[in-house]
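This report refers to the structure that appears directly beneath it.
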Ligand code: ADP
Ligand code: MG
Ligand code: ZN
């Protein structure tokens, strides 16, 4: 660094000398260089510009070398001895006359770049040294300006929205949401051929609200509309509108719409609109000025353009219930399109879309994957296939096989795989616990079949029992819920039977939570208990800040006590049933636990074969119905 500095300084001095020398000589057009000094010393060897022209006219010149950098010409006269040095001529800035003359007289001339143009090099090095400095200074200036101006300029949008001229997404890329696609097809026509509608006097809708859980493809659908219609896509997230200062959000809304109007026809996509569009004047602590101003601005902007300007606004949310009603009235987001979690067929279609760009073994059945993944959204499925592909690459395989898919599902659902425990009392206890779930689940009527039992830890769980969900049943009966409660209690029941009351563990904590939840819903929500077919719960009992959160319970203390008692009774009876089932089938329990400790994972089919074999020996070969 220091060396470089010195060199820079030296060069600077060099250049200065050059300029001074040239200044002293007062030569027209002489822009300093070290050769100016050289010229003084070789006086005899010079020629004036005028003399050069004259000599050229007379044809006394053999050859001229032009040096534009030093602005000199080296002149070789005709009949000059080969070892005589050339005559130096100081040139003007532009020398068209000379060049024409030389051409006319057929003199050999050419450009040379002087080897000694150190001045230029020096200047360059100087520049290189100065430039970073200037850049740094600018940076500092900008910084401090920013800091001091922040308070003044926050109202000006630092464009927070994105614009994509072409999204490149088509409806074919979105699968499993057929109804939504059909409804949105119309929006594409609005954007593409508005004349069709305006001709008959129809007003084109301004806003469409996409409602659905995260990951179901709302953003993707909005992009597909823009892609199909071939219009630009402006997008912004609701949360990006709102900042700390009042008025920022409103000005961002204004900017967004202004930009969109300049680019009409186009599509504006507002993600997570609930972040701005919440019920005004509600929630803890009253309203939020900034959010309300932003929302007001949004409403104003939506009213401010005619439906026929070719702008369509698509907003997405998973909480339509918290939206301000002004947003939903006609003329604003008057259309709502539900984008729901896909069903079996939908999942298969989504898998097909995402399998297209992956190498998947032909033996893999996408339908089987779809069957195993109820409740998965499009984003989950895309993630699943990607995880499987990553595993495949890590295993250096050619194509994704069932094994990788299976591992990926486990991973997506239950988390990372851990290492199995060594054989110990703990491992045995976990084995009994898991087989308890599996066995009770198999022996009671109406439970989903066991898919596999494993002792390999995953995520938080030390062991896992997987059941294949019964496909898309939609409605669940009372006996099915009771079966689930019994199976969920099977783990704790097995621990108690084998190790005694004193030895039961915390491992059942999560099970008990689920059990209590199910039992409580039976009583308060579904009217499946002695309390009769009444709903004792608010439809909407979640607390959120967008609305009144003081949901008073709608029943008396007395009923509350009854609910608690009934829930406890359901759970206790199920627990007794689970224990009985396990005691009656203790032999199967022991056999499966031994096998599980040996093999770590048992497949559902293997498990069922063992159960069936033993059941033949015993008399109880029929599934037990839940007794109450
Ligand atoms: P949302 O906006 O509803 O939260 P996204 O549209 O952002 O969900 O979806 C995230 C990703 O999941 C998409 O980029 C896509 O890869 C995948 N995906 C989600 N839904 C679908 C679908 N219906 N069809 C195909 N891919 C989907
Ligand atoms: Mg989204
Ligand atoms: Zn359990």
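Numbering (this note's numbering), first residue to last: -19 to 608. The beta-carbon is built from N, C-alpha and C at its ideal position, and this holds for glycine as well.
Uninterrupted alpha helix (DSSP H) stretches inside the stretch 152 to 201 (no shorter than 4 residues)
Counting whole runs of 4 or more residues, the stretch 152 to 201 contains the alpha helix (DSSP H) stretches 158 to 172, 174 to 178.
When we look at the beta-carbon of residue 396 and count the other beta-carbons within 10 Å, is it buried (16 or more) or exposed?
Taking a 10 Å sphere around the C-beta of residue 396, we find fewer than 16 other C-beta atoms and assign the residue as exposed.
Is residue 312 closer than 8 Å to residue 279 when the C-beta atoms are compared?
By the CB criterion at 8 Å, residue 279 and residue 312 fall inside the cutoff.
Is it right to say residue 218 is buried, meaning 16 or more other beta carbons lie within 10 angstroms of its own, or is it exposed?
Buried.
Could you name the residues of the same chain whose beta carbon sits closer than 6 Å to that of residue 160, not counting the 5 residues immediately before and after it, in chain order?
Residues 317, 319 of the same chain have their beta carbon placed closer than 6 Å to that of residue 160, with the five preceding and five following residues left out of the count.
If you scan the stretch 429 to 491 from start to end, which runs of the alpha helix (DSSP H) of 4 or more residues do you find wholly inside it?
Every alpha helix (DSSP H) of 4 residues or more that sits fully in the stretch 429 to 491 is shown, in chain order, as 458 to 479.
Unbroken beta strand (DSSP E) runs of length 3 or more, entirely within the stretch 22 to 99: which are they?
Within the stretch 22 to 99, the complete beta strand (DSSP E) runs of at least 3 residues are 41 to 47, 52 to 57, 67 to 70, 88 to 91.
Under 8 Å between the Cβ atoms of residue 81 and residue 53?
Taking 8 Å as the Cβ cut-off, residue 81 and residue 53 do not qualify as a contacting pair.
Nearest CA to the CA of residue 437: which residue from 414, 455, 421, 456?
Here the closest residue by C-alpha is 414.
Kindly indicate which residue of 384, 442, 547 has the alpha-carbon position closest to the one of residue 398.
Of the candidates 384, 442, 547, the residue whose Cα lies closest to the Cα of residue 398 is 442.
Where does the unbroken beta strand (DSSP E) through residue 549 begin, and where does it stop?
In the DSSP assignment, residue 549 falls outside any beta strand (DSSP E) and lies within the alpha helix (DSSP H) extending over 537 to 564.
Taking residue 330 as the reference, give the member of 143, 305, 358 with the closest Cα.
With distances taken between Cα atoms, residue 330 lies closest to 358.
Which ranges would you report for the alpha helix (DSSP H) in the stretch 333 to 388 if only whole runs of at least 4 residues count?
Listed in chain order, the alpha helix (DSSP H) runs fully inside the stretch 333 to 388 are 346 to 352, 358 to 374, counting runs of at least 4 residues.
For residue 396, report the span of its beta strand (DSSP E) as first-last.
That residue, residue 396, is in no beta strand (DSSP E); it is neither H nor E in DSSP.
Quick check: residue 55 and residue 69, are their CB atoms within less than 8 Å of each other?
It is a contact, given that the beta carbons lie within the stated cut-off.
Return the residue from the list 424, 30, 79 that minimises the CA-CA distance to residue 43.
Of the listed residues, the one whose Cα sits closest to residue 43 is 79.
Distance, residue 562 Cα to residue 463 Cα
Straight-line Cα distance between these residues: approximately 14 Å.
What does a CB cutoff of less than 6 Å around residue 277 pick up in its chain, not counting 5 residues either side in sequence?
Taking residue 277 as the centre and dropping the five residues before and after it, the same chain places the C-beta of 230, 233 closer than 6 Å to its C-beta, in chain order.
Does the Cβ-Cβ distance between residue 405 and residue 477 come in under 8 Å?
For residue 405 and residue 477, no; Cβs fall outside 8 Å.
Between the stretch 176 to 187 and the stretch 205 to 212, do at least 3 Cβ pairs fall closer than 8 Å?
The stretch 176 to 187 makes no contact with the stretch 205 to 212, as fewer than three CB pairs between them are under 8 Å.
Which same chain residues, not among the five before or five after residue 541, have their C-beta less than 6 Å away from its C-beta?
Listed in chain order, the non-local C-beta contacts of residue 541 below 6 Å within the same chain number zero, local neighbours out to five positions each way being set aside.
Cα-Cα, which of 228, 448, 315, 581 is closest to residue 269?
Checking every option, the nearest Cα to that of residue 269 belongs to 228.
Spatial neighbours of residue 85 in its chain, beta-carbon cut-off 7 Å, leaving aside the 5 residues before and after
Contacts found: 36, 39.
Expressed to the nearest angstrom, what Euclidean distance is found between the alpha-carbon atoms of residue 322 and residue 538?
Cα to Cα, residue 322 sits roughly 42 Å from residue 538.
Measuring CA to CA, which of 412, 198, 272 is closest to residue 567?
Measuring from the Cα of residue 567, the nearest candidate turns out to be 412.
Answer with buried or exposed for residue 421, where buried requires no fewer than 16 other C-beta atoms within 10 angstroms of its C-beta.
Residue 421 should be labelled buried.
For the alpha helix (DSSP H) that contains residue 237, what are its first and last residues?
It spans 228 to 242 - the alpha helix (DSSP H) in which residue 237 sits, taken as one unbroken run.
Do residue 199 and the ligand MG come close, with the Cβ less than 7 Å from some heavy atom?
At least one heavy atom of the ligand MG is nearer than 7 Å to the Cβ of residue 199, so yes.
Closer than 8 Å is the cut-off here; do at least three beta carbon pairs connect the stretch 330 to 340 with the stretch 166 to 175?
They do not touch, by the three-pair rule.
Touch test, the stretch 366 to 386 against the stretch 333 to 344, Cβ-Cβ under 8 Å, three pairs minimum
In this structure the stretch 366 to 386 lies against the stretch 333 to 344, because at least three pairs of beta carbons, one per stretch, are closer than 8 Å.
Identify every residue that forms a DSSP beta bridge with residue 213.
In DSSP, residue 213 forms a bridge with 144, 247.
heavy atom of the ligand FAD below 7 Å from residue 413 C-beta
Of the ligands one can find in the structure shown, namely the ligand ADP, the ligand MG and the ligand ZN, none is the ligand FAD.
With a threshold of 7 Å, establish whether the CB of residue 360 neighbours any heavy atom of the ligand MG.
Closer than 7 Å to some heavy atom of the ligand MG: that does not describe the Cβ of residue 360.
When we look at the beta-carbon of residue 480 and count the other beta-carbons within 10 Å, is it buried (16 or more) or exposed?
Counting Cβ neighbours within 10 Å, residue 480 comes out exposed, since fewer than 16 surround it.
Residue 206 versus 445, 164, 467, 178, residue with shortest Cα-Cα distance
For residue 206, the nearest C-alpha among the options comes from 164.
At a threshold of 7 Å, does residue 195 count as lining the ligand ADP (C-beta to nearest heavy atom)?
Yes.
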